[in-house]
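Basically our numbering = 1-based index in the sequence shown + 40.
Beta carbons are placed, not taken as given, at the ideal position from N, Cα and C, and that holds for glycine.
Note that the structure is a prediction, hence the values are computed from the model and not measured.
Input: a single structure, listed below in structure tokens.
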Amino acid sequence: MATHDELTGLPNRTLLTDRLKHGITQAARTNHKLALLFIDLDNFKNINDSLGHDVGDLMLKEASLRLKACVRDADTLARLGGDEFVALLVDVDIDIEQIRNIASRIVDFISASFPIRERSLFVSASIGISIYPDDGQDSTSLLKNADTAMYRAKERGKNQYQFFADEMKVIALQRMTIESGLRLALDAGHFTVVYQPKIELGSQRLIGAEALLRWDDPSLGPVSPTQFIPIAEHCGLINAVGDATIKIVLDQMRGWYNEGLELCPISINVSSHQLRNTEFARQLAAQISTSGVPAHLLCLEITESTLMQDIEISHQMLDQLTRIGLSISIDDFGTGYSSLSYLKRLPLSELKVDKSFVDNVDTDPDDRAITTAIINLAHALGLKVVAEGVERESHAEALITLGCEYAQGNHFHYPLYPGKFAALMGGNHRANA
Ligand code: C2E
Ligand code: CA
Ligand code: CA
Numbered sequence: 041m042a043t044h045d046e047l048t049g050l051p052n053r054t055l056l057t058d059r060l061k062h063g064i065t066q067a068a069r070t071n072h073k074l075a076l077l078f079i080d081l082d083n084f085k086n087i088n089d090s091l092g093h094d095v096g097d098l099m100l101k102e103a104s105l106r107l108k109a110c111v112r113d114a115d116t117l118a119r120l121g122g123d124e125f126v127a128l129l130v131d132v133d134i135d136i137e138q139i140r141n142i143a144s145r146i147v148d149f150i151s152a153s154f155p156i157r158e159r160s161l162f163v164s165a166s167i168g169i170s171i172y173p174d175d176g177q178d179s180t181s182l183l184k185n186a187d188t189a190m191y192r193a194k195e196r197g198k199n200q201y202q203f204f205a206d207e208m209k210v211i212a213l214q215r216m217t218i219e220s221g222l223r224l225a226l227d228a229g230h231f232t233v234v235y236q237p238k239i240e241l242g243s244q245r246l247i248g249a250e251a252l253l254r255w256d257d258p259s260l261g262p263v264s265p266t267q268f269i270p271i272a273e274h275c276g277l278i279n280a281v282g283d284a285t286i287k288i289v290l291d292q293m294r295g296w297y298n299e300g301l302e303l304c305p306i307s308i309n310v311s312s313h314q315l316r317n318t319e320f321a322r323q324l325a326a327q328i329s330t331s332g333v334p335a336h337l338l339c340l341e342i343t344e345s346t347l348m349q350d351i352e353i354s355h356q357m358l359d360q361l362t363r364i365g366l367s368i369s370i371d372d373f374g375t376g377y378s379s380l381s382y383l384k385r386l387p388l389s390e391l392k393v394d395k396s397f398v399d400n401v402d403t404d405p406d407d408r409a410i411t412t413a414i415i416n417l418a419h420a421l422g423l424k425v426v427a428e429g430v431e432r433e434s435h436a437e438a439l440i441t442l443g444c445e446y447a448q449g450n451h452f453h454y455p456l457y458p459g460k461f462a463a464l465m466g467g468n469h470r471a472n473a
């Protein structure tokens, strides 16, 4: 089986590479094109994690049959491993329309329900396409460019195909630079954390803070978390980045505690990938107990879309985390698709109104209406509401009128360096310290 994949019986990477090299030689001689489709199943890991590997295997077998039905006999369909497949289309007179048809058939076939063990399961496929000779002259660059285009399809929302384009090379290069920079930064400890205060709207009293990660790279300069977090997620570094963040925050809290400061609760952002790590709660509990910081002073911010991605898994994880004593905040609320009946059952304590609604809450009646609905919903569920991204006085006034109690934003405080933030907390010295 040196040339075939055991589970699906499809050609493996070795055989694919052989066929691709052979195809390139032929196409070069006859002046024809080839197309390479890099196919990755979306969120397949969730199926494996939640339903077990044997269900995952059945799904992969069925997916490979569906893929096989989309390509022609002369084409090669290979499995690279995991949930990654590649189709090599060798038709001599292949044209873009034909490639589009095949790619969209694959997207349709894979998104149809998979009846497995009396359940209907769903996945989707993201596909990246590279074409010989336009997008690469050799097998390595064709595969790499198809992979880059596949990544773009995921970024655009998955369940679709993308042709490779030259601009993607620039983006891919930036991504690689950031990825290798991240590895170095993790080793060298180039990360820092800033703290953005959360305040009570009426009194402007400090009620907590959100820890926000900062990376100032010696050669790249400051890189925004909106840029490097998705890359860390893609290249498998997010758990290390997340651990480093938690460690920095716990060390700082411990230090402040030792100085006799009255600590306020600190929120840490966690990514969906961290939450899918079944060891996350256990590892976090160990980190917290080593630090000696009381768990009830920590809150985790989890975005609405992450929570709703796989609600059963989220629910179990949240139960584990709250048992440790942590509280949970639902971040960017209003931008995902919440199952309202579920919200009620999850052990949440706070809801953050996304900045996109706060931006025009003082001027736009629609945003006002949405914000009102979110605030009322949160209160009905017994959750604290924090409006984020408050930038002006008129935002704050509108929010107070709508009954929102807490807020965060540059109007009150920019994210603060630890020293500044400690000074702000400094007003609150522990009575017994
Ligand atoms: P987020 O969790 O929604 O964080 C709020 C972002 O809004 C922060 O940007 C904050 O600096 C910014 N912000 C706060 N007030 C205002 C305001 O009044 N006006 C404007 N224009 N912006 C405001 P930042 O620090 O760049 O973080 C961006 C995103 O990166 C965060 O969004 C979060 O999703 C992610 N992130 C940051 N730190 C971490 C981390 O440690 N772990 C993970 N997984 N994600 C993080
Ligand atoms: Ca947040
Ligand atoms: Ca947010």
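Tell me which same chain residues have a C-beta within less than 7 angstroms of the C-beta of residue i, skipping the five on either side of it?
i: residue 257; result: 221, 225, 230, 263
i: residue 200; result: 147, 166, 193
i: residue 176; result: 170, 182, 185
i: residue 384; result: 421
Need the endpoints of the alpha helix (DSSP H) that residue i sits in, please.
i: residue 398; result: 395-398
i: residue 227; result: 206-228
i: residue 237; result: Looking at the DSSP string, residue 237 is not in any alpha helix (DSSP H); the run it does join, the beta strand (DSSP E), is 231-240.
With distances taken Cα to Cα, identify the nearest neighbour of residue i among the options.
i: residue 78; options: 423, 143, 130; result: 143
i: residue 431; options: 418, 401, 114; result: 401
i: residue 26; options: 53, 373, 326, 395; result: The requested residue 26 is not part of the displayed model; the chain covers only 41 to 473.
i: residue 313; options: 367, 338, 83, 267; result: 83
i: residue 137; options: 75, 186, 152, 80; result: 75
i: residue 237; options: 301, 305, 284; result: 305
i: residue 54; options: 103, 223, 117; result: 117
i: residue 250; options: 44, 454, 164; result: 454
i: residue 279; options: 109, 316, 303, 290; result: 316
i: residue 456; options: 64, 377, 66, 254; result: 254
i: residue 451; options: 437, 465, 433, 461; result: 433
i: residue 102; options: 151, 113, 56, 67; result: 151
i: residue 311; options: 160, 340, 303; result: 340
i: residue 386; options: 356, 42, 403; result: 356
Residues in the same chain with beta-carbon distance under 6 angstroms from residue i, minus the five sequence neighbours each way, listed in chain order, please.
i: residue 274; result: none
i: residue 391; result: 370, 373, 418, 423, 425
i: residue 472; result: Any reading at residue 472 needs caution, since the residue's pLDDT is 46, under 50, leaving its predicted position unreliable; the model's value is listed next. Answer for residue 472: no residue qualifies.
i: residue 407; result: 397, 400, 401
i: residue 111; result: 117, 127
Please classify residue i: is it buried, with 16 or more other beta-carbons within 10 angstroms of its beta-carbon, or exposed?
i: residue 293; result: buried
i: residue 216; result: exposed
i: residue 155; result: exposed
i: residue 405; result: exposed
i: residue 435; result: buried
i: residue 202; result: buried
i: residue 409; result: exposed
i: residue 113; result: exposed
i: residue 60; result: buried
Ordered along the chain, which non-local residues of its own chain (more than five positions away) have a Cβ less than 8 angstroms from that of residue i?
i: residue 419; result: 425, 443
i: residue 439; result: 241, 398, 401, 411, 427, 430, 447
i: residue 352; result: 90
i: residue 239; result: 245, 246, 247, 446, 447, 448, 452, 453
Which two residues bound the contiguous beta strand (DSSP E) that contains residue i?
i: residue 257; result: 246-257
i: residue 378; result: Neither: residue 378 is in no beta strand (DSSP E) and is coded neither H nor E.
i: residue 371; result: 367-373
From the DSSP output, read off the bridge partner residues of residue i.
i: residue 392; result: 426
i: residue 341; result: 309, 369
i: residue 82; result: 164
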